[in-house]
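Engineer: Pasting a structure below so you can have a look.
In this note's numbering, the protein residues as written are 25 to 374.
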């Protein structure tokens, strides 16, 4: 997993955190209030207090802009000299030191000295009066770098540190942690982490999902289709749509030739069902998230869950490989009719 670190420009940082110039020539930050956040695993809450952020003189700001220009031009040694000149200045603020170390970290990254970059990012975290945005960026990059170095446990700790301090969770953090857990073969721990990312992504548009699920359930009720969850905790909507569609197609075969209007209504209902399940599948989640889940369930020999994940993948990413895998899974589960149907579909997709 190759990562790409982006250097935060001073202009971005200034605009993002509401800087104001004081009479003393300092560029100051407005106070930032952070919200409490529930941890996804142990259901505990950690509150972060209002964080007072530091200031930067115009002299230091100009020198940092100068350093940034030469670093981006890949004149790294010249950039290091400028950064060292800043460190030699007297009475640097916490924020100024943090910015200098952030630049040093970026230079180390460009030199592919990832451990050196981590050391500099940790120096950023040690400063007190620093805007949360810069601290969050440093924490995230540390997690990425530990992952790049294949230091899985350290990558996980870095993500946990970031989640504990984050104002709002990010799906990519859970995916990064889940990927590290997969490398450690901790499949049981990995699954709820990836699920947390999926739930977080889908919760951002809950009303759309509820509406689509409601359409499917109401169609089932109207056509007197009963769904046996067979021990499942939630309705398997793709499976329910299949059951309804089979029932509707059977109804069509029973119609007489002159029942054109009724046939049209049933065909339109089938089309609406297909649209609902397709839109239900198309969401903010990514294919590789589901692939991670599939791999974990496979390693745990949970074939039923592998089936569910493959069926979910096929609604949004109908690839031949997934049909082939699903056919094999149906065979293991003794679903002979479904096995042959999936095998034929895989052959047609080929």
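Beta carbons: idealized from backbone N, C-alpha and C, even for Gly.
#1: Touch check for the segment 121-136 and the segment 86-103: three-plus C-beta pairs under 8 Å?
#2: Quick check: the segment 129-142 against the segment 161-178, are at least 3 beta-carbon pairs closer than 8 Å?
#3: Look at the alpha carbon of residue 244 and the alpha carbon of residue 292, and state the distance between them as a whole number of angstroms.
#4: Are residue 265 and residue 297 touching if we call contact CB-CB under 8 Å?
#5: Please report how far the alpha carbon of residue 191 lies from the alpha carbon of residue 161, in whole angstroms.
#6: Whose C-alpha, out of 241, 150, 203, is nearest the C-alpha of residue 268?
#7: Between residue 197 and the rest of its own chain, which residues show a CB-CB distance below 7 Å, the 5 nearest in sequence each way excluded?
#8: Is residue 212 buried or exposed, if buried means 16 or more other CB atoms sit within 10 Å of its CB?
#9: Candidates 203, 233, 207, 329: which alpha carbon is nearest residue 221's?
#10: Take the Cβ of residue 284 as the centre, count every other Cβ of all protein chains shown within 10 Å, and call the residue buried at 16 or more, exposed below.
#11: According to DSSP, simplified to helix, strand and coil, what is residue 154?
#12: Using DSSP with H/G/I as helix, E/B as strand and the rest coil, what is residue 314?
#13: Could you check what DSSP says for residue 46 in three-state terms: helix, strand or coil?
#14: Identify whether residue 280 lies in helix, strand or coil by the three-state DSSP scheme.
#15: Going by DSSP in three states, residue 72 sits in which element: helix, strand or coil?
#16: Just to check my reading of the structure: residue 334 and residue 346 have Cβ atoms closer than 8 Å, yes? What is that Cβ distance to the nearest angstrom?
#17: Given a cut-off of 8 Å, decide if residue 96 and residue 118 are closer than it, judged by their beta-carbon atoms.
#18: Report all residues from its chain with a CB closer than 7 Å to the CB of residue 286; omit the five preceding and five following residues, and keep chain order.
#19: Less than 8 Å between the CB atoms is what I'm expecting for residue 350 and residue 366, so what's the real figure, rounded?
#20: Buried or exposed for residue 337, going by 16 or more other Cβ atoms inside 10 Å?
#21: Look at the alpha carbon of residue 360 and the alpha carbon of residue 353, and state the distance between them as a whole number of angstroms.
#22: Please state the DSSP three-state secondary structure of residue 113.
#23: Exposed or buried, what is residue 214 when buried is set at 16 or more other beta-carbons lying within 10 Å of its beta-carbon?
#24: Assign residue 86 to one of two classes, buried (16 or more other C-beta atoms within 10 Å of its C-beta) or exposed (fewer than that).
#25: Between the C-alpha atoms of residue 49 and residue 159, what's the straight-line distance to the nearest angstrom?
#26: Using C-beta distances below 8 Å, list every residue in its chain close to residue 205, excluding the 5 sequence neighbours before and after it, in chain order.
Structural biologist: A quick look at the data gives this:
#1: yes
#2: yes
#3: As a first step, residue 244 must be located in the chain shown, where it is residue number 220. As a first step, residue 292 must be located in the chain shown, where it is residue number 268. Approximately 15 Å, taken between the alpha carbons.
#4: For the purposes of this step, residue 265 is taken as the residue at position 241 of the chain shown. For the purposes of this step, residue 297 is taken as the residue at position 273 of the chain shown. Yes, Cβ-Cβ distance for residue 265 and residue 297 is below 8 Å.
#5: As a working mapping, residue 191 is identified with position 167 in the chain shown. As a working mapping, residue 161 is identified with position 137 in the chain shown. Their Cα atoms are separated by approximately 13 Å.
#6: As a working mapping, residue 268 is identified with position 244 in the chain shown. Comparing Cα-Cα distances from residue 268 to each of 241, 150, 203, the minimum goes to 241.
#7: Here residue 197 refers to the residue found at position 173 when the chain shown is read from its first residue. The answer, listed in chain order, is 183, 186, 187.
#8: Translated into positions along the chain shown, residue 212 becomes position 188. Looking at its Cβ environment, which holds fewer than 16 other Cβ atoms inside 10 Å, residue 212 is exposed.
#9: Reading the chain shown from its first residue, position 197 is the one you call residue 221. If we check each option's Cα against that of residue 221, 203 comes out closest.
#10: Here residue 284 corresponds to residue number 260 of the chain shown, with the count starting at 1. Classification of residue 284: exposed, given that the 10 Å Cβ count is below 16.
#11: Position 130 of the chain shown, counted from the first residue, corresponds to residue 154. In the structure shown, residue 154 sits in coil (DSSP, three-state: anything other than H, G, I, E or B).
#12: For this step, residue 314 is matched to residue 290 along the chain shown. Residue 314 falls in the helix class under three-state DSSP.
#13: Working through the chain shown from its first residue, we reach residue 46 at position 22. With a pLDDT of only 38 at residue 46, under 50, the local geometry of the prediction cannot be trusted, and no value is derived from it.
#14: The residue labelled residue 280 in the question sits at position 256 within the chain shown. Note: residue 280 maps to coil in three-state DSSP.
#15: Stepping through the chain shown from its first residue, residue 72 is reached at position 48. For residue 72, the pLDDT reaches just 43, beneath the cut-off of 50, and the residue's location in the model is therefore unreliable, leaving the point undetermined.
#16: For the purposes of this step, residue 334 is taken as residue 310 along the chain shown, with counting starting at 1. For the purposes of this step, residue 346 is taken as residue 322 along the chain shown, with counting starting at 1. With a Cβ gap of about 6 Å, residue 334 and residue 346 count as contacting.
#17: Taking the chain shown and counting its residues from 1, one reaches residue 118 at position 94. Taking the chain shown and counting its residues from 1, one reaches residue 96 at position 72. Not a contact, by the Cβ cut-off of 8 Å.
#18: Here residue 286 refers to the residue found at position 262 when the chain shown is read from its first residue. Here the set comprises 279.
#19: The residue you call residue 350 lines up with position 326 of the chain shown. The residue you call residue 366 lines up with position 342 of the chain shown. Right, the Cβ-Cβ distance comes to about 5 Å (below 8 Å), so this counts as a contact.
#20: Within the chain shown, numbered from 1, the residue matching residue 337 stands at position 313. Residue 337 is buried by the Cβ-count criterion.
#21: Against the chain shown, residue 360 aligns to sequence position 336. Against the chain shown, residue 353 aligns to sequence position 329. The straight-line gap from Cα to Cα measures roughly 10 Å.
#22: In the chain shown, counting from the first residue as 1, residue 113 sits at position 89. Coil, per DSSP.
#23: The count along the chain shown starts at 1 and reaches residue 214 at position 190. Classification for residue 214: buried.
#24: Stepping through the chain shown from its first residue, residue 86 is reached at position 62. Its Cβ having fewer than 16 others within 10 Å, residue 86 is exposed.
#25: One-based indexing of the chain shown puts residue 49 at position 25. One-based indexing of the chain shown puts residue 159 at position 135. Low confidence applies to residue 49: its pLDDT is 39, below 50, so where it sits in the model is not reliable, and the reading given next is rough at best. Looking at the two C-alpha atoms, the distance is approximately 24 Å.
#26: Here residue 205 refers to the residue found at position 181 of the chain shown. For residue 205, where only same-chain residues beyond five positions count, the Cβ hits under 8 Å are 176, 180, 211, 213, 214, 217.
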